[in-house]
Amino acid sequence: MSKLDILRKEWIEVVFAEKNKSYGAYQLRKTNGANTTRALIIGSIIFLALFFAPKIYGLIKGSMNDTEQVEKAQEVVIAPPPPVDPKTPPPPPVEPPPPKVDQVKMPPAIVKPDEQVRDEEPPTVEKLKEADPGQRDIKGDPTADIVIAEPVGEGPKREAAVAVDDNKVYDFVSIEKQPEYPGGIAKFYKYLGGAIKYPPMAQENNVQGKVFLSFVVEKDGKLTDIQVTRGLGSGTDEEAIRVLKASPRWNPGIQNGKPVRVKYNINVNFTLN
C-alpha cells in the first residue's frame with residue numbers, strides 16, 4: 001500500500017468535493033506548500049541578518065573610528081609659545097659651594113696590639129687654630145671669600161627630635177619591664193578559675209580546650225582591645241572576653257622609665273570536671 005499524502009491537490013479536491021471551498025481549511029491546505037517555502041525563505045533571511053549583524057556593525061564602526069582619527073589628526077594645530085613678560089623676575093642665581101678651608105687629619109682612637117701600632121701623632125694645638133679637624137688633610141683656598149653657613153628657617157627643634165610616641169603599643173618582649181598581674185601570673189590564673197562560669201552550651205556539647213586571646217595593657221593597667229585569636233565556640237570565647245574585661249588592673253609595662261602600652265597574649269583553659 002502506497003503512502004497516503006493528504007496534502008496532494010487530488011486528495012484535497014476529493015475531501016472538499018461538494019463542500020464550500022471558500023472555507024479556511026481548504027485554502028490553508030491548498031496553499032500549504034507555498035506558505036511553507038515562503039516562511040523558510042523569510043526565516044533564513046532573518047537568521048543570516050542577525051548572524052552577520054555584529055560583524056557588519058564592527059566593520060562600520062571601525063571605518064568610522066579611522067575616519068575620526070584622521071580628522072582629529074588633521075585638526076591638530078601647534079600653538080605658538082606665550083610671550084615672555086618683561087615684568088617677570090628672573091630665577092635666583094645658583095649659589096656656588098662654600099670655599100675649601102684648611103683641614104688636618106684627626107686620627108680616631110682605635111685599640112690595636114702593640115706590633116700593629118703606627119706612630120701617627122695627633123695635630124698640635126697650633127695647627128688646630130689654623131685648620132679644622134677632619135678625616136683627612138685638605139688644603140684650603142686662601143683667596144676665597146669667607147662664607148658663613150646659616151641654617152635655613154628655624155632649624156629642627158630639639159624637643160621635637162627627642163619626643164616619644166607615648167601612644168605606641170609595644171611588643172611584650174621588646175620593653176624593659178613587662179606588664180604583670182598584681183601578685184604574679186599564678187594569681188591571675190587563680191582569678192580566672194574563680195571568675196569563669198562554664199557556658200551551658202559548652203557543657204551540653206562537651207566542649208573543652210583553650211581559648212587564645214590577645215589584649216593591650218594600658219599605661220594605667222587597664223586591659224583593652226581584647227581579641228580572640230583562636231577560639232572554641234559554644235560561648236567559651238565570649239566568657240573569656242568577659243572575664244578579662246572584669247580583671248583587676250595590672251602593673252603596666254615600663255620603657256625608658258615611663259609606663260607604656262604593651263600587647264599581651266594569653267590562653268584560658270576550659271575543662272569539665
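For what it's worth, the UniProt record's numbering labels the leading residue of the sequence shown as 1, then goes sequentially. Even for Gly, the Cβ is constructed at its ideal location relative to N, Cα and C. As the structure is a computational prediction, the values presented were derived from the model and not from experiment.
Name the DSSP beta bridge partners of residue i, please?
i    : result
Y170 : V262
N269 : K210
N251 : E180
V84  : Per DSSP, none; premise fails for V84.
Q227 : S214
By Cβ distance, which residues of its chain are closer than 6 angstroms to residue i, with the 5 residues on each side in sequence left out?
i    : result
F212 : T229, R230, N267
W250 : P179, Y181, V217, G221
N265 : S214
I56  : none
A53  : none
I42  : none
Would you mind working out which of the options sits nearest residue i, comparing C-alpha positions?
i           : options             : result
P200        : T37, L272, F47      : L272
E193        : V243, N256, V262    : Here residue 193 turns out to be Gly, not Glu, going by the sequence shown. G193 has its Cα closest to that of V243, out of V243, N256, V262.
I254        : E238, I226, K168    : K168
L223        : A53, K245, I41      : K245
V207        : S234, L50, P93, P90 : S234
residue 319 : I175, L50, G33      : Here the chain comprises residues numbered 1 to 273, so residue 319 is not present and cannot be evaluated.
If the criterion is Cβ atoms closer than 9 angstroms, does the pair residue i and residue j meet it?
i    : j    : result
T236 : F270 : yes
V173 : K219 : no
V170 : P248 : Going by the sequence as given, residue 170 is Tyr instead of Val. The answer is no: Cβ separation not under 9 angstroms.
Using the rule of at least 16 other Cβ atoms within 10 Å of the residue's Cβ for burial, across every protein chain shown, is residue i buried or exposed?
i    : result
A202 : buried
A240 : buried
P252 : buried
V162 : In this predicted model, V162 has a pLDDT of only 44, less than 50, meaning its place in the structure is not dependable; the value taken from the coordinates is given anyway. V162 should be labelled exposed.
L48  : exposed
R158 : Low confidence applies to R158: its pLDDT is 48, below 50, so where it sits in the model is not reliable, and the reading given next is rough at best. Result: exposed.
V262 : buried
L59  : exposed
L232 : buried
I148 : Unreliable placement is indicated for I148, whose pLDDT of 49 sits below 50; the coordinate value is still reported in the next sentence. With fewer than 16 Cβ atoms within 10 Å of its Cβ, I148 is classed as exposed.
Considering only residues of the same chain and omitting the five flanking positions on each side of residue i, which have a CB-CB separation below 7 angstroms?
i    : result
Y62  : Here the sequence assigns Gly to residue 62, which means Tyr is not the residue at that position. So the list is empty, once near-sequence residues are dropped.
K177 : G253, I254
F188 : Y181
K197 : E239
G209 : L232, F270
P83  : none
Can you list, in chain order, the residues of its chain whose CB lies under 8 angstroms from that of residue i, leaving out five sequence neighbours each side?
i    : result
E238 : P199
I226 : L213, S214, F215, I241, L244, K245
P81  : none
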